[in-house]
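Reviewing the structure listed below.
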Amino acid sequence: MLLKAPTLMSPCASPMVQLLPVTTNPLKNLLASPAYPLSVPMIKPAPTITLIPTLTLEMLKDVVRTKTYQNVIYQNKFLFKNKVVLDVGAGTGILSLFCAKAGAEHVYAVECSHMADMAKEIVESNGYSNVVTVLKGKIEEIDLPVAKVDIIISEWMGYFLLFENMLNTVLYARDKWLVDDGVVLPDKASLYLTAIEDAEYREDKIEFWNNVYGFNMSCIKKQAITEPLVDTVDQNQIVTNCQLLKTMDISKMAPGDASFTAPFKLVAGRDDYIHALVAYFDVSFTKCHKLMGFSTGPRSRATHWKQTVLYLEDVLTICEGETIVGSLAVAPNKKNPRDVDIILKYSLSGRRSTISRVQFYKMR
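Here the numbering used here is used: the first residue of the sequence shown is 1, the next is one more, and so on.
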C-alpha cells in the first residue's frame, strides 16, 4: 500500500479550501515581483513509503513458525558456532539474526524484494552488521563473497507446501554453495490429505452461485470449485484418517521431485458427508540434538499457512469403515511455475454413494 502525500490546508481557511501547488503559468512573474511580495513556495510531494507486506507481518506474528525456528537455532548452537550460514529468502532478517546470536561466524541473508533494504537497517540497528551481510537480489543471480557455506536455512514453505515454488530456489542454493557435509534447515517436509464435512461453507462459497438474487451464475461455480481455498479447518470436521502423500528430503531431493503423483486411501471414522479433501504439511529439523518441527494440520495450533481445502463437485455420503481411494498429482504450472496444478482422482463404492471422478485445481 502506498501512502499519499497529505493535502495542505490553510489554518484560517474553510475545510473545503485547499492550498494547491503553484505551477508555471502567466501569473508567475507577478507573484515573484516586488509589487506582489507574497511568495508561494512549490509544495513538494511527500516521499513514497512502502509498507511492510501483510504476509511478512503474518509470518513474524506466527508464533508456531517463528518460535520453532528460534528454538531450533538457540537450542542447537553446536550446529551454528563458527559456521557460515546462508539465509535464503531472508525477509526481515529474523532468522539471520537468530543465527548470528547463536554464534555463527557469518550469515549471508539473501532477499530479492524491497525488504532487503529494511533488513539491512534492522541488522545495523541491532548491532550485527559485522556478522550479517544482507544481499539484495535473486539467489540465482547474486554472487556470494564466499565459495561455500556450512548451513542453508530458509522458510520456503508456501500454502499447500509448494505454492510459490520457493523450494527450487533453496535446492539451487544447496547445489551451488553448500559444502558436502552441510546442513539444510528444515530438511524434511511431508504433505498429508484428509476428508472433511463442510456443508455450511460449501453452501456459502460454491452453491451460492446457483441463485444470485434470482439469477443463475453457476458458470462461476465451476470456476470456484477449481480454486483451492486456504482456510482454517476445525478438527471436528475431519471424517477420515489422515494419509501421508509425500515426504521430501530437502538435503537430497532433486528439483523435479516437487512434481509427483501419490495414491491415497481415506477410511471413514463415522457416518457423515464428505464435501472436500484437505491438505496440510509438517516440517522437521532432523539434524537437531532432539527432533524438532511443527505441523500445519487441523489438530495442531493454527499457523498462517492454515490448511488447503479442495472442494468436491459432488457431496459424498459415506458410512463408517468405507473408503475413498484415489491419487493426487502435483506439479508447478508450466506458464507460471509459482502456481501449482493439482489433479485429484477419487472413487467411492459405498452403500449410499458410488462415484468415480477426476477434478482439476489450480493454486494461484
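Ideal placement from N, C-alpha and C gives every residue a C-beta, glycine not left out. All values derive from a computational prediction rather than experimental measurement.
Q: May I ask you to check if the CB of H106 is nearer than 7 angstroms to at least one heavy atom of the ligand COA?
A: Although the ligand COA was asked about, the structure shown includes no ligands whatsoever.
**Q.** CA-to-CA distance, C319 to M363, given in whole angstroms
**A.** Taking the straight line joining both Cα atoms gives about 31 angstroms.
Q. Are the CB atoms of L79 and V110 nearer to each other than 8 angstroms?
A. No; because the gap between Cβ atoms is not below 8 angstroms, this pair is not in contact.
**Q.** Among V183, M217, Q237, S190, nearest to E200 - alpha-carbon criterion
**A.** Q237
Q: Evaluate T155 with the Cβ neighbour count: other Cβ atoms within 10 Å of its Cβ, from every protein chain shown; 16 or more gives buried, anything less gives exposed.
A: Looking at the sequence provided, one finds Glu at residue 155 rather than Thr. By the 10 Å Cβ count, E155 comes out buried.
Q.
If I measure Cβ to Cβ from W177 and keep anything under 7 angstroms in the same chain, skipping five residues before and after, which residues do I get?
A. L86, L144, K148, V149
Q. Which residue or residues does DSSP assign as beta-bridge partners of A173?
A. For A173, which the question treats as bridged, DSSP gives no partner whatsoever.
Q) Which residues share a DSSP beta bridge with E282? A) It is worth fixing the name first, because residue 282 is Asp in this sequence and not Glu. Note: D282 sits in a beta bridge opposite S190, S295.
Q. In terms of DSSP beta bridges, what is K136 paired with?
A. E111
**Q.** Stretch pair the segment 225-240 + the segment 179-189: three plus CB contacts closer than 8 angstroms
**A.** With a cut-off of 8 angstroms, the segment 179-189 and the segment 225-240 do not count as touching, because too few Cβ pairs lie within range.
**Q.** Alpha-carbon to alpha-carbon, T66 and A102
**A.** 15 angstroms
**Q.** Residue closest to F360, alpha-carbon to alpha-carbon, out of N336, S353, S327
**A.** S327
Q: Identify which residue in A116, L348, F294, T286 has its Cα closest to the Cα of L161.
A: F294
**Q.** First through last residue of the beta strand (DSSP E) which encompasses F260
**A.** 260-267
Q) Whole-angstrom Cβ separation of T323 and L266, contact assumed at under 8 angstroms? A) Rounded, the Cβ-Cβ distance is 6 angstroms, consistent with contact.
Q) So, helix, strand or coil for D204, using DSSP? A) helix
(Q) Just to confirm the assignment, what range does the beta strand (DSSP E) spanning Y346 have? (A) 340-349
Q. Tell me the DSSP bridge mates of M118?
A. Beta-bridge partners of M118 (DSSP): none assigned.
(Q) With a threshold of 6 angstroms on Cβ separation, who are the neighbours of S349 within its own chain once the five nearest residues in sequence on each side are excluded? (A) none
Q. Can the beta-carbon of Y126 be found closer than 8 angstroms to that of L171?
A. The question names Tyr, yet the displayed sequence has Asn at residue 126. Cβ atoms of N126 and L171: not closer than 8 angstroms.
Q: Within its chain, find whatever has a CB closer than 7 angstroms to the CB of P26; leave out the 5 residues flanking it on each side and keep chain order.
A: At P26, the pLDDT of 45 sits below 50, so the modelled position is not reliable and the matter cannot be decided from this model.
Q | Three or more C-beta pairs below 8 angstroms linking the segment 281-296 and the segment 207-225 | A | no
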